[in-house]
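Going by our numbering, the sequence shown opens with residue 4, and the numbers climb by one from there.
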Amino acid sequence: MSLSRRGLLAATGAVGALAAAGPANASPHESPEPPEAHAPGPADPASSSAAGRTGRRRVRTGFDRLAAAGYAPLAGQRVGVVTNPSGITSDVRHIVDVMHADERVDLVAVFGPEHGFRGTAQAGGSEGRYDDPATGLPVYDTYRLSGQKLADVFTAAGVDTIVFDIQDVGARFYTYIWTLYDCMRSAVLAGKRIVVLDRPNPVTGRSASGPMLDRAFASFVGLEPIPQTHGLTVAELALLFNGEFLRERPVELETVWMSGWRRSDFFDGTGLPWVPPSPNMPTPDTALVYPGTCLFEATNLSEGRGTTRPFELLGAKGLDGRWAGAANALELPGVRFREAYFTPTFSKFRGETVGGVQLHVHDREEFDPVRTGIGLLVTAKRTWSGFAWWPDTGWIDKLTGSTRVRTMIDAGAGPDEITAVWRAELAAFRSVRRRYLHYR
């Protein structure tokens, strides 16, 4: 008997347990299920077996659970997938390859975000429209599309349901969460539904921190008022978006939750493989510092692009060991700073040797990336006369969500004074955020 490639891959299946999908239109004021229902326990065989082998609990992603349930939420639907290289199974197969090979799924299109479906484009780029060589599926470029233009792409692709599955890193200015938001808004216009497959927040989901976005500074690095670190998974964010920002025209939304994940988990506690979700996010360690050191994109210092440790190495020509000394004198919790010299291979200072610091996080439980980023900006300006906002003040205001950080640093304020100004608004957001927490 002959067996096609499609049938062979379908027979191997994707790993996981039964899918647990949230309600299509969950109330904005409550979690779809009690959070304690999703804590791993000794009855979870995947959890206990992984712990026995590696000391790590095994987390099943939304996709793995969807596949194990026979793709029931996608039955009878023409499906399009918004994903990138991070959309993989627990055994590192790409979900597009798995679904395309499975006759239970009518997969008809792929939608690529920033960096593209295959992840080949650098920051601010995408891959354009093409047919995927591996599957023959049409790949549509959705980067910077929103509203009716994006709705028209969904209509042209002939999909009924749009599946979202991308690894997030927990920061407001990481653009994939706004791709999700734009897809939700445009799906309403096109009469489509959204299914979000959940993945871990790699830096834990314990709390939100940092300044809130002022809508006057909305851009693709922040479209709605959430803080610099949101402390949510992408499926929890989808519920928040629907309940808070799309309340008048919510999308038909279904969420497929993980099993085995807890809010206190860092990525290395999940047992899942890490695939860089963007070219300059090589490791979970990068994600840990990124919410603070990404702010250096808006200065004339290198944020470490073009090195093997982006966002952990920072520097510029003219900087020396005085910066590391000043940063260490702040005694920021959980982190130390080493005087460092490096030569970026692309981006700022390409091919030039620059001086600066390397962050060494020695206690990630205590480390506060936003406070650390503010402290580094303050000390860089104080110790280097060449410090400047780059390419203009508008970029730092978009990243931080208002003019406050920039103007306070320029006025000589310190980290304590700066981080105090968003305390009240952050507390208000945390109260709203609690309504959408699915995991404990």
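Ideal placement from N, C-alpha and C gives every residue a C-beta, glycine not left out.
Report task. Can you grab the Cα-Cα spacing for the pair Phe477 / Val142, in whole Å? Result -> Look at the range of the chain in this structure, 4 to 443, and you will see that residue 477 is not part of it.
Query raised in the report: Which ranges does the alpha helix (DSSP H) cover as unbroken runs of at least 4 residues, wholly within the region 265-315, from first to last along the chain?
Result: 287-296
Requested in this report: Can you grab the Cα-Cα spacing for the pair Glu420 / Glu369, in whole Å?
Outcome: Your numbering for residue 420 matches position 417 in the sequence shown. Your numbering for residue 369 matches position 366 in the sequence shown. Distance between the alpha carbons of Glu420 and Glu369 is about 20 Å.
**Report entry** Backbone secondary structure at Trp392 - three-state DSSP
**Finding:** Here residue 392 is taken as the residue at index 389 of the sequence shown, counted from 1. Reduced to three states, the DSSP call for Trp392 is strand.
Requested in this report: Below 6 Å CB to CB, which residues in the same chain sit around Tyr439 once its five sequence neighbours on both sides are set aside?
Outcome: On the sequence shown, residue 439 is found 436 positions in, with the first residue counted as 1. Excluding sequence neighbours, Tyr439 sits near Glu239, Leu242, Leu243.
Requested in this report: Out of Thr375, Phe220, Val292, point me to the one whose CA is closest to Ala174's CA.
Outcome: Against the sequence shown, residue 174 aligns to sequence position 171. Considering only alpha carbons, the answer is Val292.
Query - Distance, Ser350 Cα to Thr356 Cα - result: As a working mapping, residue 356 is identified with position 353 in the sequence shown. As a working mapping, residue 350 is identified with position 347 in the sequence shown. Near 13 Å, if we compare the C-alpha coordinates of Ser350 and Thr356.
**Report entry** Inter-residue spacing [alpha-carbon to alpha-carbon] between Thr406 and Phe176
**Finding:** Taking the sequence shown and counting its residues from 1, the one referred to as residue 406 is at position 403. Taking the sequence shown and counting its residues from 1, the one referred to as residue 176 is at position 173. In a straight line, the C-alpha of Thr406 is about 16 Å away from that of Phe176.
Query raised in the report: For Pro116, does the three-state DSSP call read helix, strand or coil?
Result: In the sequence shown, the residue the question calls residue 116 occupies position 113. Here Pro116 sits in coil by DSSP.
Query raised in the report: Assuming Leu183 contacts Gln151 under a Cβ cut-off of 8 Å, what Cβ separation, rounded to an integer in Å, is found between them?
Result: Translated into positions along the sequence shown, residue 183 becomes position 180. Translated into positions along the sequence shown, residue 151 becomes position 148. That belief does not hold up - the Cβ atoms of Leu183 and Gln151 are roughly 18 Å apart, past 8 Å.
Requested in this report: For Gly321, I'd like the list of residues in its chain whose CB is within less than 7 Å of its CB, leaving aside the five on either flank, ordered along the chain.
Outcome: Position 318 of the sequence shown holds residue 321. Excluding positions up to five away in sequence, the list reads Trp387, Gly389.
Query raised in the report: Between Gly318 and His365, what straight-line distance do the alpha-carbon atoms span, to the nearest angstrom?
Result: Against the sequence shown, residue 318 aligns to sequence position 315. Against the sequence shown, residue 365 aligns to sequence position 362. About 21 Å.
Report task. Within its chain, find whatever has a CB closer than 7 Å to the CB of Arg385; leave out the 5 residues flanking it on each side and keep chain order. Result -> Your numbering for residue 385 matches position 382 in the sequence shown. Here the set comprises Ala329.
Query raised in the report: Do you know whose CA, among Phe157, Val108, Ala126, lies nearest Arg188's CA?
Result: To locate residue 188, count along the sequence shown from 1; it is residue 185. Selected option, being the one with the closest Cα: Phe157.
Requested in this report: Quick one: give me the first and last residue of the alpha helix (DSSP H) that Ser189 is part of.
Outcome: Within the sequence shown, numbered from 1, the residue matching residue 189 stands at position 186. Note, Ser189: alpha helix (DSSP H), 179-193.
Requested in this report: Since I believe Asp168 is in contact with Tyr179 (beta carbons under 8 Å), could you give me their beta-carbon distance rounded to a whole number of angstroms?
Outcome: Numbered from 1 along the sequence shown, position 176 holds the residue referred to as residue 179. Numbered from 1 along the sequence shown, position 165 holds the residue referred to as residue 168. The pair is not a contact, with the Cβ atoms about 10 Å apart (cut-off 8 Å).
Requested in this report: Go through its chain and collect everything with a Cβ distance to Tyr344's Cβ below 8 Å, but skip five positions before and after it.
Outcome: Within the sequence shown, numbered from 1, the residue matching residue 344 stands at position 341. Around Tyr344: Gly318, Thr356, Val357, Gly358, Gly359.
**Report entry** Spatial distance of Ala427 from Thr232 (CA atoms)
**Finding:** Indexing the sequence shown from 1 puts residue 427 at position 424. Indexing the sequence shown from 1 puts residue 232 at position 229. Their Cα atoms are separated by approximately 16 Å.
Requested in this report: Taking Pro418 as part of the beta strand (DSSP E), name the residues at either end of that continuous run.
Outcome: Reading the sequence shown from its first residue, position 415 is the one you call residue 418. Taken as a continuous stretch (DSSP letters only), Pro418 belongs to no beta strand (DSSP E), being part of the alpha helix (DSSP H) at 418-423.
Query raised in the report: Straight-line CA distance for Leu429 to Lys195?
Result: Position 426 of the sequence shown, counted from the start, is the residue given in the question as residue 429. Position 192 of the sequence shown, counted from the start, is the residue given in the question as residue 195. If I take the Cα positions, the gap works out to 33 Å.
Query raised in the report: Candidates Gly225, Pro418, Gly208, Gly263: which alpha carbon is nearest Ile399's?
Result: The residue labelled residue 399 in the question sits at position 396 within the sequence shown. Residue Gly225 is the option with its Cα nearest to Ile399.
Requested in this report: Would you mind sorting Ala46 into buried or exposed? The rule is 16 or more other CB atoms within 10 Å of its CB.
Outcome: What you label residue 46 is simply residue 43 of the sequence shown in a count that begins at 1. In this prediction, Ala46 scores a pLDDT of 30, lower than 50, which makes its location untrustworthy; the coordinate-derived value is nonetheless stated afterwards. Result: exposed.
Query raised in the report: When DSSP builds the beta bridges, which residues end up paired with Ala174?
Result: In the sequence shown, residue 174 corresponds to position 171, counting from 1. Ala174 is bridged to Thr232.
Query raised in the report: According to the Cβ coordinates, are Thr273 and Val62 closer than 8 Å?
Result: Taking the first residue of the sequence shown as 1, we reach residue 273 at position 270. Taking the first residue of the sequence shown as 1, we reach residue 62 at position 59. Against a cut-off of 8 Å, the Cβ pair of Val62 and Thr273 comes out as a contact.
Query raised in the report: Asn283 to Thr236, Cα distance in whole Å?
Result: For this step, residue 283 is matched to residue 280 along the sequence shown. For this step, residue 236 is matched to residue 233 along the sequence shown. Going from the Cα of Asn283 to the Cα of Thr236 covers about 21 Å.
Requested in this report: Provide the residue(s) that pair with Gln494 in DSSP beta bridges, ordered along the chain.
Outcome: An answer regarding residue 494 cannot be provided, because it is not within the stretch 4 to 443 covered by the chain.
Report task. Can you give me the Cβ contacts of Trp392 inside the same chain, cut-off strictly under 7 Å, excluding the 5 residues immediately before and after it? Result -> Your numbering for residue 392 matches position 389 in the sequence shown. For Trp392, where only same-chain residues beyond five positions count, the Cβ hits under 7 Å are Ala301, Thr302, Ile399, Arg409.
Query raised in the report: Between Gln80 and Asp201, what straight-line distance do the alpha-carbon atoms span, to the nearest angstrom?
Result: Counting from 1 along the sequence shown, the entry for residue 80 is found at position 77. Counting from 1 along the sequence shown, the entry for residue 201 is found at position 198. Using only the alpha carbons, I get a separation of about 20 Å.
Query raised in the report: Residues in its own chain within less than 6 Å of Tyr133 by CB, not counting five upstream and five downstream?
Result: Translated into the one-based positions of the sequence shown, residue 133 becomes position 130. Within the same chain, Tyr133 has close Cβ partners Val142.
Query raised in the report: Once you ignore the five residues that flank Thr375 on each side, which residues in its own chain have a CB closer than 6 Å to its CB?
Result: By one-based count along the sequence shown, residue 375 stands at place 372. Excluding positions up to five away in sequence, the list reads Gly295, Leu335, Val338.
Query raised in the report: For Tyr74, does the three-state DSSP call read helix, strand or coil?
Result: Here residue 74 is taken as the residue at index 71 of the sequence shown, counted from 1. Three-state DSSP puts Tyr74 in coil, outside helix and strand.
Query raised in the report: What do you get for Glu1, buried or exposed, if any count of 16 or more other CB atoms within 10 angstroms of its CB means buried?
Result: Only positions 4 to 443 of the chain appear in this structure, which leaves residue 1 out of reach.
Query raised in the report: Who are the Cβ neighbours of Arg266 in its own chain at under 6 Å, not counting the five residues just before and after it?
Result: For the purposes of this step, residue 266 is taken as residue 263 along the sequence shown, with counting starting at 1. Cβ within range, chain order: Gly208, Arg209, Tyr442.
Query raised in the report: Nearest CA to the CA of Val108: which residue from Ile412, Ala78, Asp94, Val85?
Result: On the sequence shown, residue 108 is found 105 positions in, with the first residue counted as 1. Val108 has its Cα closest to that of Ala78, out of Ile412, Ala78, Asp94, Val85.
Report task. Note down the Cα distance separating Ala49 from Trp260, rounded to an integer number of angstroms. Result -> Residue numbering aside, residue 49 sits at position 46 when the sequence shown is read from its first letter. Residue numbering aside, residue 260 sits at position 257 when the sequence shown is read from its first letter. For Ala49, the predicted structure reports a pLDDT of 35, less than 50, and the residue's modelled location is therefore unreliable. A value from the coordinates is still provided. In a straight line, the C-alpha of Ala49 is about 15 Å away from that of Trp260.
**Report entry** Bridge-paired residues (DSSP) for Phe167
**Finding:** Sequence index remark: in the sequence shown, residue 167 carries index 164 (1-based). In the DSSP output, where bridge partners are listed per residue, Phe167 has Val85, Val199.
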